[in-house]
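When the letters of the sequence shown are read in order and numbered with the numbering used here, they come out as residues 18 to 376.
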Amino acid sequence: MRDEIIQRLGMREPRIFVRGFDRPNIWLGVEPFHDVTEKQNALIKRVIDVEKPGIVYAATRKHSEEIAEKLCKKGVQAVHYHAGMKAGEREKVQTAFMADEVEVIVATTAFGMGVDKLNVRFVFHYDISDSLDSYYQEIGRSGRDGEQAKAILFYNAHDLNIRRFFASGGKVDVDEVLQVAEAVKNVETPLEPEDLQKQTKLSASKVTKVLSRLEEVEAVEILPTGEVTQSEAEVNQEQAAQAAAIAQEKQQKFLQSRLEMMRNYAEVRDCRRRFLLNYFGEPRQKACGFCNNCQAGIVVEENLQNQPFAINSAVIHTNFAKGRVLRYEGDKMVILFDKVGYKTFAVELVEGMLKQIDE
Numbered sequence: 018m019r020d021e022i023i024q025r026l027g028m029r030e031p032r033i034f035v036r037g038f039d040r041p042n043i044w045l046g047v048e049p050f051h052d053v054t055e056k057q058n059a060l061i062k063r064v065i066d067v068e069k070p071g072i073v074y075a076a077t078r079k080h081s082e083e084i085a086e087k088l089c090k091k092g093v094q095a096v097h098y099h100a101g102m103k104a105g106e107r108e109k110v111q112t113a114f115m116a117d118e119v120e121v122i123v124a125t126t127a128f129g130m131g132v133d134k135l136n137v138r139f140v141f142h143y144d145i146s147d148s149l150d151s152y153y154q155e156i157g158r159s160g161r162d163g164e165q166a167k168a169i170l171f172y173n174a175h176d177l178n179i180r181r182f183f184a185s186g187g188k189v190d191v192d193e194v195l196q197v198a199e200a201v202k203n204v205e206t207p208l209e210p211e212d213l214q215k216q217t218k219l220s221a222s223k224v225t226k227v228l229s230r231l232e233e234v235e236a237v238e239i240l241p242t243g244e245v246t247q248s249e250a251e252v253n254q255e256q257a258a259q260a261a262a263i264a265q266e267k268q269q270k271f272l273q274s275r276l277e278m279m280r281n282y283a284e285v286r287d288c289r290r291r292f293l294l295n296y297f298g299e300p301r302q303k304a305c306g307f308c309n310n311c312q313a314g315i316v317v318e319e320n321l322q323n324q325p326f327a328i329n330s331a332v333i334h335t336n337f338a339k340g341r342v343l344r345y346e347g348d349k350m351v352i353l354f355d356k357v358g359y360k361t362f363a364v365e366l367v368e369g370m371l372k373q374i375d376e
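Here you go:
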């Protein structure tokens, strides 16, 4: 995530300050289900029984409204929140939650940025998050007063299909990229994205994706006002379109690999906190004792002798170039590569393919 931010901001050799990721007061759990109705009933029962206030995250607007309605019928003061609501409605709901006028907010990821409510006692996920980065940020909204809180993922493997659809959606081809690039080139004054939509007949989300990729290959410049203008650099439009389409394909593969790491968290048979902290580059050998796997005795003891590279060390692969060692799980290791995202390897097979490098 840090590398992605640095790349998108165009920063060169920035100084990086990293605070600890561990939130030891948050109990971590995953409850697996094969049946959707069973999962929803279990979530509702958990919300009824648990100390409040709290947040339930759902992937879709429909789920957020449906769950909030069912909670209300069970006597829980619950409200829904999503981007499809008018700004005034969203503000009213958020204000009520912050003032403890409602017990539970059932929301899509539209809720949470800038929200700092200290006494949130739980964050439950009805649907799996698109990445561990998103998941950890969302569960981190609980227990900010230092008191114990709960974070539970209600997991059905079929839910991954929703996230895979989101991650693969909005695919752009070379012709669409070239269409936008030519539209920008053919005018002397900066264009609003809405103007590009009208000229190209592409959707708003697709124009946004295309512009992001064109900016990455320096074919266009997005001004602070949001307007778009042609880059001052001499750029071949067809080559830029091809490069932008390739960049989009790489981005989608990266998003898919992040989702795969989220699936690994949901299904891991080891200390969940150790899994998360290793993912974020904080090596941890000891099990936490404060997650459902630890309390069930499902923990793999770390075998340091079977770790050829230290966690968080920089490595280079013969095919995938530079990366960083994230974690070990038994006889497997996970590496985050700069270009292709997350890859899992059998430890015994990496000899000759990987070597450690200086940063």
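By construction, the Cβ of each residue, glycine as well, lies at the ideal position given by its N, Cα and C atoms.
In this text, all values refer to a predicted model and were calculated from it rather than measured experimentally.
Check, Outcome
"List the whole-angstrom C-beta distance separating THR125 from HIS99, where the pair is believed to meet the contact cut-off of C-beta under 8 Å.", "4 Å"
"If you draw a straight line from the alpha carbon of GLU211 to that of ALA221, how long is it in whole angstroms?", "7 Å"
"Could you name the residues that DSSP lists as bridge partners for HIS142?", "TYR74, LEU170"
"Three Cβ pairs or more, each shorter than 8 Å: is that satisfied between the segment 67-78 and the segment 131-147?", "yes"
"Please classify HIS97: is it buried, with 16 or more other beta-carbons within 10 angstroms of its beta-carbon, or exposed?", "buried"
"Compare the beta carbon distance of ALA257 and ALA236 with 8 Å and say whether it is the shorter of the two.", "yes"
"Going by CA-CA distance only, name the one from GLU120, CYS89, VAL132, GLN94 that's closest to GLU108.", "VAL132"
"To the nearest angstrom, how far is it from the Cα of VAL224 to the Cα of VAL201?", "12 Å"
"With a threshold of 8 Å between beta carbons, is THR77 in contact with chain D?", "Absent from the structure: chain D. Only one protein chain is present."
"Grab me the residues of GLN196's own chain with a C-beta within less than 6 Å of its C-beta, minus the 5 sequence neighbours each way, in chain order.", "THR217"
"Bridge partners of CYS308, per DSSP?", "LEU45"
"Closest by CA to PHE362, which one among LEU371, LYS356, CYS311?", "LEU371"
"Going by beta carbon distance, what residues of the same chain come within less than 7 Å of GLU164, once the five residues before and after it are set aside?", "ASN42"
"Starting from LYS339, follow the beta strand (DSSP E) in both directions and report where the run begins and ends.", "338-346"
"Let's see if you can read the secondary structure: which residues bound the beta strand (DSSP E) around GLN373?", "371-373"
"Please report how far the alpha carbon of ASP39 lies from the alpha carbon of ARG290, in whole angstroms.", "8 Å"
"Could you tell me whether the segment 55-64 touches the segment 167-179, where touching means 3 or more Cβ pairs closer than 8 Å?", "yes"
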